[in-house]
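**Q** First, the structure itself, so that you have it in front of you.
Chains as they are written, first to last, in the numbering used here: chain A, 1 to 481; chain B, 1001 to 1093.
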């Protein structure tokens, strides 16, 4: 039977605020455990939450960016459940009146086709803390630094039909929230976490199959793997006469395996009710217009600008505009070097390849934008050849200094002084009369191949530092004579 | 409300209700629900649900870090701690 996959996503996006959703504790990543969990985050008796204005501004920006209706009046509900990383015994979230209503995001697929993914809504809520399950004498350790960090949860309609579409949506969303500056996009730090709802049905059938939810995927690669694995599992279960159980699953990116976490049967009773500690939040037209005016350039606009103003091909423009940090880095390199196309090549080529290899994000790139621009300048002004540039790049990557320092210490300067090059060529012609005679006697179409001998000799004589274009030109002149 | 519903609610709310008290609790909650039934007889189709009894709007707080690190004080009143973590009975999903 031919099966059709149906995928919907719930994405937790950590907002880039300085303080928490309902308290003035810091949200900075990587602090010592529990040093950023204040009395409100710990649910101490007598505390009252106080809502963060920037979280609302960021959620509003997101809503405007996906063409959604912004609810002028939004309220907070309590979602009640017990877990040690949730000290209050409830998560403060939004159910009946989320701040962001229905919207959409268009994705581009590998085939070049565009597809619209509808977003059901997005709501503001607070994150939970972290449970550490290493053994503390049969106990679990709790770090509440993350408790109360503002999130928007973005809920899509079940509009995606393959892992490719789901990943394309995830990347698009990542590019959008980082471009808006409302999330740092650091997936390895949990700044964006994806829950994937997956079901399959016979192609042509309208009724949806029973779905499972694979939770907390924090990389595009794991997301793709987890989806492929779950589709395969569901097909096997159904084709061998079994039934899909509605359940939550966990995917382990190291072992490439998934396991059932809990069945959904009795976990859905969250007994939501409006939070009596928080009044309704009302946003007026002036507020929303104000946010709209302050919206930064979105990836689509950036892509168009890279093509029209910087003259980049569409492919380069799409890749570079897709991620805000990469875009900012590229623009800086292009501005300083005044060579947008070279800048694009390096950022998408050597930089991306090295970052990938070492599993670093562009923020952690050991070569900053002005340093890379410095390298491009030396390449552009002919100081070094493109082959030398690779050596310089590698040294820069390994922290051996900026381009000029590396060129100096490694003696990589290419010889572009025409007097020096002419001298080298003259010597070679004088020392190799036979080869010169052969060359001059050869037919026009045989000559380019024979030129290689002289280029090799000249490169050897200059210790690899002759400017290849200039050397070629001088050789052709002198040999032709 | 019957016994099993009360038991389920108690479980969700992490309340311990002694077996001999279950009947009485079920009766009392049923009485409250009867009152709710009366209210539900009203036509509220055109009434905006009340999110809060006060007719006021939430004031938003500027996004500034105002809370200092008080970990030592909070850890001191916790039943069990280690390496700056609060310890709880082992939780497994």
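From the three backbone atoms N, C-alpha and C, an ideal C-beta is built for every residue, glycine too.
Is there contact between the segment 113-123 of chain A and the segment 142-159 of chain A, where contact requires at least three CB pairs shorter than 8 Å?
**A** yes
**Q** Ends of the alpha helix (DSSP H) at residue 287(A)?
**A** Segment 285-293, the alpha helix (DSSP H) holding residue 287(A).
**Q** Does any residue of chain B have a CB that is nearer than 8 Å to the CB of residue 162(A)?
**A** no
**Q** Give me, in chain order, the residues of the same chain whose beta-carbon lies closer than 7 Å to that of residue 400(A); leave out the 5 immediate sequence neighbours on both sides.
**A** 406
**Q** Tell me residue 79(A)'s beta-bridge partners as DSSP assigns them.
**A** 91(A)
**Q** Give a yes or no on whether the C-beta atoms belonging to residue 416(A) and residue 368(A) are separated by under 8 Å.
**A** no
**Q** With a threshold of 8 Å between beta-carbons, can residue 1031(B) be considered close to chain A, or not?
**A** no
**Q** Quick check on DSSP: helix, strand or coil for residue 364(A)?
**A** helix
**Q** Looking at C-alpha atoms only, which residue of 80(A), 65(A) and 56(A) is the closest neighbour of residue 74(A)?
**A** 56(A)
**Q** Are there three or more Cβ pairs, one per stretch, closer than 8 Å when the segment 1072-1079 of chain B is compared with the segment 290-298 of chain A?
**A** They do not touch, by the three-pair rule.
**Q** Using a threshold of 8 Å, state whether the C-beta atoms of residue 102(A) and residue 69(A) are closer than that.
**A** yes
**Q** Can you give me, in chain order, the residues of the segment 1051-1073 of chain B that have a beta carbon less than 9 Å from any beta carbon in chain A?
**A** 1051, 1052, 1053, 1054, 1056, 1057, 1058, 1059, 1060, 1061, 1062, 1063, 1064, 1065, 1066, 1067, 1068, 1069, 1070 and 1071
**Q** Can you pull the chain A neighbours of residue 1091(B), defined as C-beta to C-beta under 8 Å?
**A** 83, 84, 131, 133 and 140
**Q** Nearest by alpha-carbon distance to residue 281(A): which of 213(A), 43(A), 392(A) and 50(A) is it?
**A** 50(A)
**Q** Only counting the same chain, and skipping five residues up and downstream in sequence, which positions put a Cβ closer than 7 Å to that of residue 344(A)?
**A** 312, 316, 320 and 330
**Q** Does the distance from the CB of residue 194(A) to the CB of residue 11(A) come in under 8 Å?
**A** yes
**Q** Verify the CB distance criterion: does residue 1087(B) have a CB-CB separation below 8 Å to chain A?
**A** Yes, its Cβ sits closer than 8 Å to a Cβ of chain A.
**Q** At a Cβ threshold of 8 Å, is residue 64(A) touching chain B?
**A** no
**Q** Looking at residue 132(A) and residue 1085(B), is the spacing between their C-beta atoms short of 8 Å?
**A** yes
**Q** Relative to chain B, which residues along the segment 25-48 of chain A have a C-beta separation below 9 Å, given in chain order?
**A** 25, 26, 27, 28, 31, 32, 33, 34, 35, 36, 37, 38, 39, 40, 41, 42 and 44
**Q** Among residues of its own chain, excluding the 5 on either side of residue 72(A), which ones have a beta-carbon nearer than 6 Å to its beta-carbon?
**A** 283
**Q** Hey, how far is the Cα of residue 364(A) from the Cα of residue 340(A)?
**A** 22 Å
**Q** Cα-Cα, which of 37(A), 86(A), 88(A) and 78(A) is closest to residue 1068(B)?
**A** 37(A)
**Q** Could you check which residue in 288(A), 17(A), 197(A) and 188(A) has the C-alpha nearest to that of residue 156(A)?
**A** 197(A)
**Q** Tell me which residues share the same chain as residue 397(A) and place their Cβ nearer than 8 Å to its Cβ, disregarding the 5 neighbours each side in the sequence.
**A** 354, 366 and 367
**Q** Taking just the CA atoms, how far does residue 1079(B) sit from residue 1047(B)?
**A** C-alpha separation (whole angstroms): 48 Å.
**Q** Is it right to say residue 1037(B) is buried, meaning 16 or more other beta carbons lie within 10 angstroms of its own, or is it exposed?
**A** exposed
**Q** Checking the sheet assignment: what are the DSSP bridge partners for residue 3(A)?
**A** 202(A)
**Q** Please check if any C-beta of chain B sits within less than 8 Å of the C-beta of residue 52(A).
**A** yes
**Q** Beta carbons nearer than 7 Å to chain E: which residues of the segment 1004-1026 of chain B have them?
**A** Annotation note: the requested chain E is absent from the structure, which comprises protein chains A and B.
**Q** In chain order, what residues of the same chain have a beta carbon less than 7 Å from the beta carbon of residue 175(A), not counting five sequence neighbours either side?
**A** 299, 322, 323 and 324
**Q** Opposite residue 14(A) in the DSSP bridges: which residues?
**A** 151(A)
**Q** Going by C-alpha to C-alpha distance, which of 371(A), 350(A), 107(A) and 252(A) sits closest to residue 386(A)?
**A** 350(A)
**Q** Quick check on the DSSP output: the beta strand (DSSP E) that includes residue 467(A) runs from which residue to which?
**A** Residue 467(A) -> no beta strand (DSSP E), and no H or E assigned at all.
**Q** Run through chain B and tell me which residues come within less than 8 Å of residue 18(A), C-beta to C-beta.
**A** Chain B residues near residue 18(A): 1063, 1064 and 1065.
**Q** From the beta carbon of residue 1076(B), is the nearest beta carbon of chain A less than 8 Å away?
**A** no
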